[in-house]
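Asks: Got a structure for you, written out below as structure tokens; questions coming shortly.
Protein chains: 2
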Amino acid sequence: MPKTSRNNGRQRQNAEIRKPEIVKSFYQTLLERGFEGASIAKVAARINIHPSLILHYFGNKENLTLALVDYVIEEYARLLGTVTLEGLSPEARLERLLEIIWSREYYEKIHIAGSFSLLAVSFRNPRIREKIEGLYSGYRNFLAKEIQKASDAGVIEHQDAMRTAARIITLIEGARHFRHLFVGKDECEQYNQDMKAATRMMMQMQ
Amino acid sequence: MPKTSRNNGRQRQNAEIRKPEIVKSFYQTLLERGFEGASIAKVAARINIHPSLILHYFGNKENLTLALVDYVIEEYARLLGTVTLEGLSPEARLERLLEIIWSREYYEKIHIAGSFSLLAVSFRNPRIREKIEGLYSGYRNFLAKEIQKASDAGVIEHQDAMRTAARIITLIEGARHFRHLFVGKDECEQYNQDMKAATRMMMQMQ
DNA sequence: ATTAATTAATTAACCATTCAGTTAATTGTT
DNA sequence: AACAATTAACTGAATGGTTAATTAATTAAT
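Keeping their order, the protein sequence lines are chains A and B.
Counting from 1, one number per residue, gives the positions in the first sequence under my numbering.
Counting from 207, one number per residue, gives the positions in the second sequence under my numbering.
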């Protein structure tokens with residue numbers, strides 16, 4: 001009796017498709033089981049492949065983790081990429097930015113559970129820390145540029161744009177934190193409006 | 207040859223001393239290795255006891271984790287307990303509170319790496335989540351009470367104290383976040399002063 | 001025929017937990 | 001003060017399961 005193929009109905013993919021699929025599976029597993037709880041075996045089982053395939057593509061778990069951070073960063077970049085601020089008046093442009101920052105879709109994009117896990121790891125792994133720092137740095141620069149534009153157009157008073165961006169990111173990250181622990185579905189909209197007002201105030205700060 | 211005692215120079219303690227020692231060791235190990243990386247064996251090795259002793263006292267790892275959350279909560283309570291606001295004028299009282307909140311000693315008390323790890327776990331473990339919610343809830347009430355006092359005394363304009371407390375906690379947590387990724391030792395003082403000013407502004411918000 | 005995708009089999013280390021045993025301090029009794 | 005009984009602190013050894021990683025083999029597409 002010849003050994004039959006055990007394909008289990010799975011299609012044979014190429015690296016271009018398989019690698020992102022693995023990273024996404026890692027991300028989902030991370031949310032459910034925590035970082036150290038997201039083993040290679042569990043990540044593989046979720047997408048019905050052999051654990052060895054993951055090591056074949058990523059070599060070891062650290063590389064897989066770095067790929068995950070890249071994935072999260074790309075998700076954020078994609079989100080910011082969909083933001084169209086062009087063609088708006090300076091006032092409308094700033095208003096639209098505030099709207100996006102404090103919209104539900106925006107902050108739900110990357111589940112904060114994943115952020116916490118990766119941030120916790122970043123304390124122990126300098127390479128991961130560097131990548132995350134890069135993410136926030138880009139975010140901060142993006143905000144600062146918008147603030148500077150608004151300032152140049154006279155929409156807000158002139159000030160240190162980078163410092164203002166720092167304040168706003170502080171608020172945004174704190175809000176992700178706070179929402180998780182306190183804010184129910186119904187209060188959420190109220191809280192976000194409150195945060196939007198606080199952001200406006202911070203932009204006017206000297 | 208009779209079996210000699212193998213005390214290894216360690217004193218025999220009682221539960222009252224040993225249990226907190228174990229919890230603190232767990233906390234330190236957590237900071238270094240992450241939650242799932244902080245195994246009972248490693249926690250035991252750090253204080254030179256047998257892993258079985260930990261199970262003897264805590265039964266299983268979940269109970270140990272719950273004890274850790276209690277420990278962190280107590281550390282915070284101890285910190286707030288040292289705050290003496292009594293006997294000050296309403297103005298000075300509010301000023302002192304702001305000073306404490308944005309002092310280095312205060313935010314360094316509980317290393318944010320530990321917070322991230324526990325918060326990440328809180329998504330998966332409702333009992334831990336409850337405890338952490340309780341911690342923040344108490345914190346929020348404490349702040350709200352102080353804000354109300356200042357408001358009654360006319361130091362700040364009247365407003366919704368709980369909402370203001372929510373804003374301030376958002377800022378505090380965001381700042382812990384931001385500091386980790388951005389703020390160097392030298393910029394830190396500047397950043398904290400900036401945050402203190404932002405807190406003042408939030409207290410005046412309508 | 002060559003190459004890439006995938007699995008299989010195995011290893012050695014580590015995991016939480018159990019259970020049974022040992023050691024030392026405390027207490028009660030004489 | 002001496003001694004047995006009791007209790008609490010602590011250790012040892014073994015359990016069954018999981019971990020990341022290695023090496024070799026197999027399968028399918030080009």
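All C-beta atoms in this analysis are idealised placements derived from N, C-alpha and C, irrespective of residue type, glycine included.
Fair warning: this is a prediction, and the values are worked out from it, not measured in the lab.
1. Starting from the beta carbon of ILE100(A), find every residue of chain B whose beta carbon is closer than 7 Å, and list them in chain order.
2. Using a Cβ-Cβ cut-off of less than 8 Å, give me the residues of the stretch 390-406 of chain B that come near chain A, in sequence order.
3. Does the structure place the stretch 267-278 of chain B close enough to the stretch 330-338 of chain B that three or more beta carbon pairs sit under 8 Å?
4. Just the C-alpha distance for ASN254(B) and GLU222(B), rounded to the nearest angstrom, thanks.
5. Output, in chain order, the set of chain A residues within a Cβ distance shorter than 7 Å of LEU325(B).
6. If you draw a straight line from the C-alpha of SER295(B) to the C-alpha of MET201(A), how long is it?
7. Report yes or no: is there a C-beta of chain A within less than 8 Å of the C-beta of ILE416(B)?
8. So what's ALA367(B) in DSSP terms, helix, strand or just coil?
9. What whole-angstrom Cβ distance do MET381(B) and THR170(A) have, given they're in contact under 8 Å?
10. Classify ASN398(B): buried if its beta carbon has 16 or more other beta carbons within 10 angstroms, exposed otherwise.
11. With C-beta atoms as the reference, is PHE232(B) less than 8 Å away from VAL327(B)?
12. Cα separation between LEU181(A) and ARG346(B)?
13. Against chain B, does GLU36(A) count as a neighbour if the rule is that its beta carbon must be under 8 Å from one of theirs?
14. Can a CB atom of chain A be found closer than 8 Å to the CB of ILE246(B)?
15. Which residues in the same chain have their Cβ closer than 8 Å to the Cβ of TYR76(A), if we skip the five residues on either side of it in sequence?
16. Identify, in the order they occur along the chain, each residue of the same chain with its Cβ nearer than 8 Å to the Cβ of ILE156(A), setting aside the five sequence neighbours on each side.
17. ASN331(B) by DSSP, collapsed to three states: which one?
18. With a threshold of 8 Å between beta-carbons, can MET408(B) be considered close to chain A, or not?
19. Have a look at SER117(A) and GLY184(A) and give me their C-alpha separation to the nearest angstrom.
20. Which whole-angstrom value is the C-beta distance of ILE73(A) and LYS24(A), which I expect to be below 8 Å?
21. By the 10 Å Cβ neighbour count, where 16 or more other Cβ atoms means buried, how is THR210(B) classified, buried or exposed?
22. Below 7 Å on C-beta distance, what does GLU379(B) contact in chain A?
23. Going along chain A, which residues have a C-beta under 8 Å from MET411(B)?
24. So, helix, strand or coil for LEU291(B), using DSSP?
25. Quick check: what's the CA-CA separation for LEU79(A) versus ALA165(A)?
26. Following the continuous alpha helix (DSSP H) through ILE228(B), name the residue where it begins and the one where it ends.
27. In its own chain, which residues sit with a C-beta less than 6 Å from the C-beta of ARG167(A), not counting the 5 before and 5 after it?
28. Does the Cβ of GLU311(B) lie closer than 7 Å to at least one heavy atom of the ligand PLP?
29. I'd like the span of the alpha helix (DSSP H) that includes MET409(B), first residue to last.
30. Give me the Cα-Cα distance between GLU86(A) and THR235(B), rounded to the nearest whole angstrom.
31. Whose C-alpha, out of LEU55(A), ALA161(A) and ILE172(A), is nearest the C-alpha of ILE112(A)?
32. Just to confirm, is the Cβ distance from ALA251(B) to ILE260(B) under 8 Å?
33. How many angstroms separate the CA atom of MET195(A) from the CA atom of TRP102(A)?
Replies: Taking the coordinates as given:
1. Taking the first residue of the first sequence as 1, we reach residue 100(A) at position 100. Those do not exist, as ILE100(A) stays about 18 Å from chain B at its closest Cβ, beyond 7 Å.
2. TYR397, ASP400, MET401, ALA403 and ALA404
3. yes
4. For the purposes of this step, residue 254(B) is taken as residue 48 along the second sequence, with counting starting at 1. For the purposes of this step, residue 222(B) is taken as residue 16 along the second sequence, with counting starting at 1. For ASN254(B) and GLU222(B), the distance between alpha carbons rounds to 17 Å.
5. For the purposes of this step, residue 325(B) is taken as residue 119 along the second sequence, with counting starting at 1. The contacting residues are PHE116.
6. Mapped onto the second sequence, residue 295(B) falls at position 89. Mapped onto the first sequence, residue 201(A) falls at position 201. Their Cα atoms are separated by approximately 28 Å.
7. With chain B represented from 207 up to 412, any question about residue 416(B) goes unanswered, as that position is not in the structure.
8. By 1-based counting over the second sequence, the position of residue 367(B) is 161. DSSP places ALA367(B) in helix when its eight states are reduced to three.
9. Mapped onto the second sequence, residue 381(B) falls at position 175. Mapped onto the first sequence, residue 170(A) falls at position 170. This sequence places Ala at residue 381(B); Met is not what is there. Going by Cβ atoms, the distance from ALA381(B) to THR170(A) rounds to 5 Å, so yes, they are a contact pair.
10. Stepping through the second sequence from its first residue, residue 398(B) is reached at position 192. So ASN398(B) counts as buried.
11. Taking the first residue of the second sequence as position 1, residue 232(B) is located at position 26. Taking the first residue of the second sequence as position 1, residue 327(B) is located at position 121. Contact flag unset, no.
12. Here residue 181(A) is taken as the residue at index 181 of the first sequence, counted from 1. Here residue 346(B) is taken as the residue at index 140 of the second sequence, counted from 1. In a straight line, the C-alpha of LEU181(A) is about 12 Å away from that of ARG346(B).
13. Walking along the first sequence from the start, residue 36(A) turns up at place 36. Taking Cβ atoms only, chain B reaches closer than 8 Å to GLU36(A), which makes this a yes.
14. Reading the second sequence from its first residue, position 40 is the one you call residue 246(B). False, the Cβ-Cβ gap to chain A never drops below 8 Å.
15. In the first sequence, the residue the question calls residue 76(A) occupies position 76. Closer than 8 Å at Cβ, skipping near neighbours: LYS109, ILE110, LEU135 and TYR139.
16. Stepping through the first sequence from its first residue, residue 156(A) is reached at position 156. Only LEU94, ILE147, ALA150, MET203 and GLN204 meet the Cβ criterion.
17. Locating residue 331(B) in the second sequence gives position 125, counting from the first residue. The answer is coil: DSSP assigns ASN331(B) none of H, G, I, E or B.
18. Indexing the second sequence from 1 puts residue 408(B) at position 202. So, interface residue.
19. Indexing the first sequence from 1 puts residue 117(A) at position 117. Indexing the first sequence from 1 puts residue 184(A) at position 184. Distance between the alpha carbons of SER117(A) and GLY184(A) is about 22 Å.
20. Residue mapping note: residue 73(A) aligns to position 73 of the first sequence, counting from 1. Residue mapping note: residue 24(A) aligns to position 24 of the first sequence, counting from 1. The pair is not a contact, with the Cβ atoms about 14 Å apart (cut-off 8 Å).
21. If you number the second sequence from 1, residue 210(B) lands on position 4. At THR210(B), the pLDDT of 37 sits below 50, so the modelled position is not reliable; the number obtained from the coordinates is stated separately. By the 10 Å Cβ count, THR210(B) comes out exposed.
22. Numbered from 1 along the second sequence, position 173 holds the residue referred to as residue 379(B). Per Cβ cutoff of 7 Å: GLY174, HIS177 and PHE178.
23. Position 205 of the second sequence, counting from 1, holds the residue named residue 411(B). Neighbours of MET411(B) on chain A, chain order: ALA197, ALA198 and MET201.
24. Locating residue 291(B) in the second sequence gives position 85, where the first residue counts as 1. Looking at LEU291(B) - three-state DSSP - the assignment turns out to be coil, as it is neither helix nor strand.
25. As a working mapping, residue 79(A) is identified with position 79 in the first sequence. As a working mapping, residue 165(A) is identified with position 165 in the first sequence. Cα to Cα, the separation comes out at about 18 Å.
26. Position 22 of the second sequence holds residue 228(B). Where ILE228(B) is concerned, the enclosing alpha helix (DSSP H) stretches over 221-239.
27. What you label residue 167(A) is simply residue 167 of the first sequence in a count that begins at 1. Counting only Cβ-Cβ distances below 6 Å, and skipping sequence neighbours, we find MET202.
28. This structure does not include the ligand PLP; it has no bound ligands of any sort.
29. Sequence index remark: in the second sequence, residue 409(B) carries index 203 (1-based). Element bounds for MET409(B): 391-410.
30. Indexing the first sequence from 1 puts residue 86(A) at position 86. Indexing the second sequence from 1 puts residue 235(B) at position 29. In a straight line, the C-alpha of GLU86(A) is about 50 Å away from that of THR235(B).
31. Residue mapping note: residue 112(A) aligns to position 112 of the first sequence, counting from 1. Closest by alpha carbon: ILE172(A).
32. As a first step, residue 251(B) must be located in the second sequence, where it is residue number 45. As a first step, residue 260(B) must be located in the second sequence, where it is residue number 54. Cβ atoms of ALA251(B) and ILE260(B): not closer than 8 Å.
33. Walking along the first sequence from the start, residue 195(A) turns up at place 195. Walking along the first sequence from the start, residue 102(A) turns up at place 102. In a straight line, the C-alpha of MET195(A) is about 7 Å away from that of TRP102(A).
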